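Have a look at the structure below before the remarks.
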Amino acid sequence: MATVLESCKTKRDTYVSQITEGCLPLDELLFVQELNYRISVLETFQNFCKTAPVTTDTRVMSFHYQLVDAYTRFLMNERKFGLKTDENGQKKRETAFSALERVIQDTRKRFSSFVPGTQDQYKKSIIQLVNTILPVWLQYRNTYIEINV
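Position 131 of the sequence shown, counted from 1, bears residue number 494 in the numbering used here, the numbering being contiguous throughout.
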C-alpha cells in the first residue's frame, strides 16, 4: 500500500506529464500547487522523523524539537486559500482548524516536559507526533482543496 507521500507524488507526476504535453486544464492548476505544497510538508515531516536523534541529551533533543515545533505552528497559518465555499464549508474549515490547533497544543504540552527514559524514546515520540498531526492536517487541507490520493 502506497504512502500518502507516494500517492501525492504519483498524482503530481500525472499533472507534470499533462503540463509537459500542454494539455493541463487551467482549472487543475490549483490542484498542482496544492500537491506541491503537500509534498513539501510531508517530506519535511519525513525528514524530521529520519533525523530525530537517538539520545538522552536534552540539548540535542531540544534543538531538534524546536525545529519540529516551529514548523507545526507554521502549518496553522500557511496557505489559507483554496476553492470558494459556502457557509457549511466554512464551518468545516473552522472545525478542522480547531482540531489541528488542539492536536498541536496537545503535542506541545507533552513535549514541554519531555524526559526520555531510553535512547530511542525521543525518536519514537517524534514519529508518533508526526503520525498524529499529519492526518488532522490533511483533513484540514482538504477543506480548502480536496485532493483524493
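Ideal Cβ positions, reconstructed from N, Cα and C, are used throughout, including at glycine. Quantities reported herein were computed from a predicted structural model and do not represent experimental measurements.
| query | Taking one C-beta from the stretch 485–493 and one from the stretch 401–417 each time, how about it: are there three or more such pairs within less than 8 Å? | reply | Yes: at least three Cβ pairs fall under 8 Å.
| query | Touching or not, the stretch 396–405 and the stretch 365–373, by the rule of three or more beta carbon pairs under 8 Å? | reply | At 8 Å Cβ cutoff, the stretches touch.
| field | SER461 to LYS454 span [Cα, whole Å] | value | C-alpha of SER461 to C-alpha of LYS454: approximately 10 Å in a straight line.
| said: Buried or exposed, going by whether 16 or more other CB atoms sit within 10 Å of the CB of ILE467? | reply: Buried.
| In whole angstroms, what is the alpha-carbon distance linking LYS443 and GLU450? | For LYS443 and GLU450, the gap between their C-alpha atoms comes out near 16 Å.
| message | Spatial neighbours of THR506 within its chain, please: C-beta separation below 6 Å, excluding the five flanking residues on both sides. | response | Cβ within range, chain order: LYS455, ARG456 and ALA459.
| Separation of VAL395 from ARG375, as counted between CA atoms | Their backbone Cα atoms lie some 7 Å apart in a straight line.
| message | Would LEU446 and TYR503 be called neighbours here (beta carbons separated by less than 8 Å)? | response | Not in contact: LEU446 and TYR503 (Cβ atoms no closer than 8 Å).
| said: I'd like to check one pair, TYR378 with LEU393: are the Cβ atoms closer than 8 Å? | reply: Not in contact: LEU393 and TYR378 (Cβ atoms no closer than 8 Å).
| query | Beta-carbon separation of PRO479 and THR435 under 8 Å? | reply | For the pair PRO479 and THR435, the CB atoms are not nearer than the 8 Å cut-off.
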